[in-house]
Structures are given as structure tokens and as C-alpha cells.
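Residue numbers (the numbering used here), protein chains in the order written: chain P, 31 to 286; chain B, 3 to 381. The structure appears below as C-alpha cells.
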């Protein structure tokens, strides 16, 4: 029976972010949080596997003071247990720090067959944490998973690569990062939501994770984040001859 | 606006929004156009334990509080008012059974309703008794161990689809007015009755509204709710709850109108700049947001009183009156902001404006609620 850890990120709902028209600065002051969209796929994939074959799913999340509000949301989607690391270091954390914290935390939660996470988070989509986690946990990383199955103690993963689909069979432990197409996340029922409050959740402190200052220091520093604007060039091609129009269009496209 | 909601209530609200965006929004226009009953959406809601939200889980209910229930209705109405009304009208039917019914009645009927094994309908209104519900004519005559029902009900939500209805009928023809009225559970399988044609309505067109016709319909005496003559009290208690739910739906409709108005006024450019740059538009939007926030708080206040077991009738009337009139006013404004486009079928605000109107009429007209509120102050 698979024993699965799922990592998820509690992110700002991008729909609630407004962009200041003149400075293009982002205003997140009124934004609400949600479980990163792709992480919902990861949770769902893990839960479905356990619904089919037995086993258990627990979640681990690292975030700031808001992360505790994610627990019921995560647990209502099927996992049996949640661990969370609430620490201000998460505000400036990059995927290096995040992976260090998550790897240390996963070590505290017991044995596992697989760690499942999304290919990337819906806020930065850096696609770093999964692979880094595997390196830190010293287990294989399986990326771009589009199907996940379990047969006689073996993990079966279908990977979607550029022009081929690769099917792998392996024994755990392993870190698997999944694509959104792996499954459609469920909308939890009311009873699952109400039951989520009764499931166990454990807070882990960064101080318990035996991490050095260096491991908590981000390699990347975010200098500024701005809204994107697409500027239109307002080029109008208006030749009499349609063939010439096409030629000119192609010319412009080549330059671009 | 940050509402004083618990983490659980916020999660339930978020999930209702997720469901509405994913499952209701894409179908809402078609449902409105065709006047199609949202059965599929209701089945999905049942799978999510949302067809008996405020009732105990031991009887198949969702086991949530009334605040969660009104939050769900608001979010559903924001995407499809017809589905929200269908759910609200269905859910209310288990209320009088659970509150006034015998243990036997509760065990037999509440789970069937809460799990949507049967649709529920609340059959009070008649052709000659709308607001003046106590004047109803439908009769229930005692015959041995049964009552024989004869008469017709009008404008019954879910009428065509209901398997169980809570029916109000006159058991004492010699006592005029509300005192001669009693409430019954009518199980359509055991006591067949007919539904008339589906009414072709201005708005909430997917909601099923029919006449119900009872011809010598034999109902066992064990299906009487409470005692003979208690019918009107049972009806009014149920309606008080229903009023909060209609108010919540009005808030959802108005919120959808505001969402559309904000989007359109930022996108639409006239005289070289977005509509939103005009103070006339800004003020309309500000007024909408202000009134929606106020109405939402009135709804939550009434629901909270109900959750706490305190009297909430007047507060329910205030919430319903304010939210319904606010929804009507602001859906009209949203159409105005959209200009010609707002008058065209298929534009969401056009549907919202038609949908909003029902909230001023159903479960007590605005005029009745003014009577209730002033009556309480001037008694």
C-alpha cells in the first residue's frame, strides 16, 4: 500500500492581485490565499492512488503566518494528516531554501514510498523544488508525470516528454513531480470539509529541522515584481495587392 | 470585505465558488434561454452533500451552520440564480419536518430530501391566496385514518419534479383564516397528485414553477405535521428561514452584477479612455459595492441569530427587503453601464436584471416585509 507525502504551497490567489496602472506595482493587500492550482493535482493524484490501493497520504507545507489557514483546505481534499512549517523565512525563500526546509520536514514525518509535488507552483512556476527535494532526500526524481499507478509494490509512472511518452516502473522511495493533466482535482464535499477539522495536523518549527543558517539563506533575491503590459505596435499593412500584404506581414514577423 | 467568518466557513464559501465557476457558470446562459431545470447541477450538489446543508448528518444533512448555508447560496446565485433557487426551495422543505415532525416522519422523509432522492416542494400559495396565505382554500377532509385533499396550489417551485411536498390545507372549513390551516407531508409515490404546466417566467427561468393539483388525494393521518390548526405557524417559521436564503441569493445576483460592471467599465473605451475613468460610472460602482456589503452583513446577521437560536424574524425581513431592492436597483445600473450591450440576450447583466426581480416578490413581497418590520416597531 503506497505511503505518500504530498507537498503543496499556499499561494496568493492571482485573481485578487491588482496592478497599479502607472507604476505597474502589484497590490496584494486584499488578496486571499489558495492551494497552488497544480498542487491540487498532486494531492488528488496521491489521494486517488490510496483510494484505489489503500495506504495513506500526508501533506507538508512551508509558508508564512497564513499557511495554517490552508490545513483544512488540504485535508478536505482527502489526505489523512497534515504537517506545516510556519516561519517568516518563507517570505524570502527561494526554491533552494524551500527544498531544504521541506526535505528536513519530510524526514521528520516518517517513512514514505513517494513524495508527490507539482511540476511547478502556480505563482512562480520555477520547477525547481521537486528535483531539489529528490537530491536532498537522496532518492530518484521523476518529473513530468502524467499518470501514476501502483502495482504489487511498484510505482508506475507515465512521463510526458517532448515527443515521447516514457513509462517507468520503480520501487520507492522516490520524488515525483506531476503535470496538471494527471487528473482533475475534486471539489471537496461538505462532509469532507467538516471532517477535515478533526484530522490531525502537526506544526514543525524550523528550529527543530537542524538546518544551518546557510541552508535558510536564499540564493536568489527578489528585487522587484511588476505587472506585465503588452504594448501594441499599431502597424497597419494596407497594400492594394493582397499578395504584397502577405509579404509585408511575413517581413514584419521575421523581424520580430 | 473581510467578513467575520471562521476558517471553515471561508473554506465552504471558497468551495461553493469553485463549484459555481466550474459547473454552473458555463451552463447558466443556456439554462436561462431554454428554461431548463438544473437537474444535473442539483445531482452534483447532492454528491457534495449540499442538498441538505443546515440539517444534521444523522438524517443525511450536511451538518453545517446556517451561515455556511447562506454563503453557499450566495456563491451559487452569483453564477446561476435558477440553480440557487432550486436548491433553496428544495432545502427548505426538510425544515418543517425536522422542526415540527415526529421522529417517524423525520426518519422517513428527511434523509430522502437531504440526499436528493426526492425533490422537495413547499406548497402554500394558491390562485386566490398569495400574500394573504391564511385565505387558502385547498381542503383536507378527515376520512378514517386518512385525510382527503382537494384543491390546487399555484407558483410552486420544484412542483413538477417534487417527490415530497409540504402542503398547507384547510382542515377546518368552519374556521376562516389561518387558524383552520394544517400542514401535511405528501409523498407523491403514496399519494399521487398532478403538476400543471411549467410557468414561463421573466427570470430564474431554469427554476421549475408549476401548479399542483390535488384530486381526492388520500394522505395518511400520520403525515400531518404537528397538530391540526398549526399549519400557518409552521409555514411562517419556514418562511422566515426562506427569507434569509432569498436575501443571500439577492446578494449573489448583485455581486455578479458588480463583477460584470467592474470588468466592463475597465475594458470598454469611449472617448479614448475606459468607461471607468468617468465619475458617473465610478459612483455607480461605489454605490453597488457599498450596498452589497451592507446587505451581506444583514444576511449574515440574520443567519447568525438563527444559528444561536435567537429570534430572527424581523432581521430576516430586513435582510430580505434590503437585499432584494438593492439587487434590483444595482442590476439595472449594471445594465446601464453596459449600454446597448446590456440590453442584449446573452449578456450576463441582462439575465441578472431579470433574475433579480424575483427576490422582491418570492417569500414575502417587499411591501409585506415593510409591514413586518414596522409592525414590530409600532405594536
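Virtual Cβ for every residue (Gly too), placed ideally from N, Cα, C.
Under the rule that 16 or more other beta-carbon atoms within 10 Å means buried, what is residue 273/B, buried or exposed?
Residue 273/B comes out exposed.
Starting from residue 106/P, find everything on chain B with Cβ-Cβ shorter than 9 Å and list it in chain order.
13 and 17
So if DSSP puts residue 222/B in a beta bridge, which residue, or which two residues, is it bridged to?
For residue 222/B, the beta-bridge partners assigned by DSSP are 148/B.
In the DSSP output, which residue or residues are listed as bridge partners for residue 181/P?
184/P
Flag residue 323/B as yes if its beta-carbon sits less than 7 Å from any beta-carbon of chain P, otherwise no.
no
Is residue 34/B buried or exposed, if buried means 16 or more other CB atoms sit within 10 Å of its CB?
Residue 34/B is buried by the Cβ-count criterion.
Starting from residue 189/B, trace the beta strand (DSSP E) in both directions and tell me its first and last residue.
183 to 189
With 16 other Cβ atoms within 10 Å as the buried cut-off, status of residue 60/P:
The residue in question, residue 60/P, is exposed, as its Cβ has fewer than 16 Cβ neighbours within 10 Å.
Based on the DSSP output, what are the partners of residue 159/B in its beta bridges?
211/B
Close beta carbons around residue 330/B, own chain, < 7 Å, minus the five adjacent residues each side:
358, 359 and 362
Quick one: Cα of residue 160/P to Cα of residue 282/B, how far?
51 Å
Mind checking if residue 51/B is an interface residue toward chain P, Cβ cutoff 7 Å exclusive?
yes
Straight-line Cα distance separating residue 345/B from residue 96/B
39 Å
So if DSSP puts residue 124/B in a beta bridge, which residue, or which two residues, is it bridged to?
168/B
Nearest chain B C-beta to residue 99/P closer than 7 Å, yes or no?
For residue 99/P, the nearest beta carbon of chain B is closer than 7 Å to its own beta carbon.
Under 8 Å, with one C-beta from each stretch per pair, do the stretch 181 to 191 of chain P and the stretch 124 to 133 of chain P reach the 3-pair mark?
no
Below 8 Å on C-beta distance, what does residue 194/P contact in chain B?
Neighbours of residue 194/P on chain B: none; closest Cβ ~32 Å, over 8 Å.
Just by C-beta distance, which residues in the stretch 238 to 261 of chain P are closer than 7 Å to chain B?
none
According to DSSP, simplified to helix, strand and coil, what is residue 101/B?
helix
Assign residue 13/B to one of three DSSP states: helix, strand, or coil.
helix
I'd like the span of the beta strand (DSSP E) that includes residue 93/P, first residue to last.
Where residue 93/P is concerned, the enclosing beta strand (DSSP E) stretches over 86 to 93.
Contained alpha helix (DSSP H) runs [length at least 4] in the stretch 139 to 208 of chain P, N- to C-terminal order:
159 to 167
Run through DSSP, which three-state label would residue 232/P get?
strand
Quick check on residue 219/P - is its C-beta less than 7 Å from some C-beta in chain B?
yes
Would you say residue 155/P and residue 209/P are within 7 Å of each other, going by their C-beta atoms?
Their beta carbons are not under 7 Å apart, which means residue 155/P does not touch residue 209/P by this criterion.
Taking just the CA atoms, how far does residue 262/P sit from residue 321/B?
About 48 Å.
Residues in the stretch 220 to 233 of chain P having any Cβ partner in chain B nearer than 7 Å:
So the close ones are 220, 221, 223, 224 and 227.
Whole-angstrom Cβ separation of residue 107/P and residue 216/P, contact assumed at under 8 Å?
7 Å
Residue 214/B and residue 195/B: beta carbons closer than 7 Å?
yes
Is it right to say residue 49/P is buried, meaning 16 or more other beta carbons lie within 10 angstroms of its own, or is it exposed?
exposed
From the beta carbon of residue 103/P, is the nearest beta carbon of chain B less than 7 Å away?
yes
Applying a beta-carbon distance threshold of less than 9 Å, which residues of chain P neighbour residue 21/B?
Neighbours of residue 21/B on chain P, chain order: 217.
Rounded to whole angstroms, what's the CA-CA distance from residue 137/B to residue 378/B? Just pull it up for me.
Near 23 Å, if we compare the C-alpha coordinates of residue 378/B and residue 137/B.
Under 9 Å (Cβ pairs) to chain P, residues found in the stretch 265 to 284 of chain B
none
Relative to the C-alpha of residue 15/B, which candidate in 54/B, 77/B, 32/B and 29/B has its C-alpha closest?
77/B
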